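Residue numbers (the working numbering): 983 to 1267.
Quick reminder that beta carbons are idealized off the backbone N, C-alpha and C, glycines included.
Remember, it's a predicted structure, so these values are computed and weren't measured experimentally.
Inspection log for the structure reproduced underneath, given as C-alpha cells.
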Amino acid sequence: MSTNDPVTTQPAAPTAEPQRIAPDTWLVPNLVPSGPGQFLFVNTMVILAEEPVVVDTGAPLHREQWLDAVTSLVDPEDVRWVFLSHDDGDHIGNMAALLDRAPNATVVANFFSAERASLEPDRALPLDRMVWLEEGSSFDAGDRRLHLMRPPIFDGPTTRGLYDERTGVMWAADSFGAFTTGAVYDAADLPPDLYDESFRLINSLVSPWHQWLDAGVYGRHVDRVEALGATTIASGHGPVLRGPFIAGAFDRVRAMAGQPIVPPPGQEVLDELVAQLLAGTVPAT
Ligand SMILES: [Fe+2]
Ligand SMILES: [Fe+2]
C-alpha cells in the first residue's frame, strides 16, 4: 500500500442468495462488513405478482450481483413496477441499470424523491416512467393491491414502506435494521445479544430524532403501521421478522420515543480500524 492509497473498510462479505420469504416474495440480500464477525444487510425484495414488482434497487457496490439475482427471479422485460422506498443511494443505487433492462417498468416514487434524485444525473428518475404516490394510497399489481405507508423509523423524508395485502408481507425500508453474522436472514436465527444491541444502535442512528418524540403521538403512528397486520416483515437493513419478532420490533421502536440516542462508534473505533488495515489484519479491497 502506498501512502496515496485510500484506506478502506471492505473485507470480503459472504455471498448472499435470494431467499423466498413468503408466497411469490423473495428477499434479495447483500451484505457489507460492519465490524468483526458481523455484517450489515443491504436488502431489496421482488414480488412475483401478476405484474411483477421490484422493491428498491440496492447499492451501486453490489450492482452486478444484484442484477444477476433479480434477473434470476424475474425476466426484466416482465417487471411492471419498481417501488422506490426513498432516494438514498443504497435504495436507488441500481435504478438506472434496472430500468435500462426493464422497458415495461414504471417507478413508484413521489414528488420529493424525484426532485432530490434529479440533482445527480446518474440517479435522476425518468419523469415519463413514474407515478407519484403518497402514504395511505395503493397501487394494483394485477392480483393484489400494494399499500404505501410511512415506516416508523426512517432517514429520508421521501420514505414510504409497502404492505402486500395478499401475502401479509411488509417492506419496512430503513426501519428495523440489525446486524447479522453472515448469510443468516431470519431474526429468530440470530444471536439474541447481537440482535438486541444492533437493533438499538441502527434504529437510533437512522432516526436520531426519536429523542424528541412525544411517546403518545409517536406511539399512535407506530400503532397504525402495526395494525396493518403484517405477518412477515422485510427491510433494507434488518433480518426477516416473523411471529413474536414483529410485535417485538414495533414495541422496540415505540419505546425509543423521548429516549436518548445510542452513542455511535467514535474516533477510537476509527483509529483501531485504520491500525488494523495498515497492519494487514483486515483485508482492504
Ligand atoms: Fe435511508
Ligand atoms: Fe437504507
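- A contact is defined here as three or more CB-CB pairs under 8 Å, and the region 1057 to 1071 meets this definition with respect to the region 1141 to 1148.
- Taking 8 Å as the cut-off, one finds at least one heavy atom of ligand 1 near enough to the beta carbon of F1136.
- Judged by their CB atoms, R1236 and A1197 are nearer to each other than the 9 Å cut-off.
- Within its own chain, the residues whose Cβ lies closer than 8 Å to the Cβ of W1194, once the five positions on either side in sequence are excluded, are G1240, listed in chain order.
- Taking C-alpha positions only, P1246 is separated from S1186 by approximately 9 Å.
- About 13 Å separates the Cβ atoms of A1216 and A998, ruling out a contact at the 8 Å cut-off.
- When V1204, V1056, A1099 and G1124 are compared, the shortest CA-CA separation from R1148 is found for G1124.
- Straight-line spacing of the CA atoms in D1110 and T1039 works out to 19 Å.
- For the 9 Å CB-CB criterion, P1103 and V1089 do not form a contact.
- Between V1061 and P1042, the C-beta spacing is not below 9 Å.
- Within the DSSP secondary-structure output, A1170 pairs in no beta bridge.
- About 6 Å separates the Cβ atoms of A1212 and Y1145, confirming a contact at the 8 Å cut-off.
- Around the beta-carbon of L1022, 16 or more other beta-carbon atoms lie within 10 Å, marking it buried.
- In this structure, the C-beta of A1155 approaches ligand 2 to less than 8 Å from one of its heavy atoms.
- A1079 is a Cβ neighbour of L1049, given a cutoff of 9 Å.
- Of the heavy atoms belonging to ligand 2, at least one sits nearer than 8 Å to the Cβ of D1070.
- With a cutoff of 8 Å, G1218 counts as near ligand 1, since its C-beta is closer than that to a heavy atom of the ligand.
- The beta-carbon distance between E1117 and R1132, rounded to whole angstroms, is 5 Å. This is short enough to meet the 8 Å contact definition.
- Straight-line measurement puts the Cα of V1064 at about 22 Å from the Cα of G1159.
- By a beta-carbon distance limit of 8 Å, V1024 does not contact G1220. Their separation comes to about 11 Å.
- Assigned with DSSP and collapsed to three states, R1148 falls in coil, not helix or strand.
- Cβ-Cβ distances below 6 Å link A1084 to P1058 and V1061 in the same chain, with the five nearest sequence neighbours on each side left out; the list follows chain order.
- Approximately 7 Å separates the beta-carbon atoms of L1115 and N1092; this is inside 8 Å, confirming the contact.
- In this structure, D1137 and D1122 do not form a Cβ contact; the two beta carbons are roughly 29 Å apart against a cut-off of 8 Å.
- Here DSSP, grouped into helix, strand and coil, assigns L1195 to coil.
- Cβ contact annotation for M1238 (same chain, cutoff 6 Å, sequence separation greater than five): H1192, in chain order.
- Leaving aside the five residues that flank L1013 on each side, the residues in its chain whose CB is nearer than 8 Å to its CB run, in chain order, A995, P996, A998, F1021, L1022, F1023, V1024, T1162, G1164 and A1165.
- Taking 9 Å as the cut-off, the Cβ atoms of V1204 and P1134 count as close.
- Per DSSP, the beta bridge partners of G1143 are M1131.
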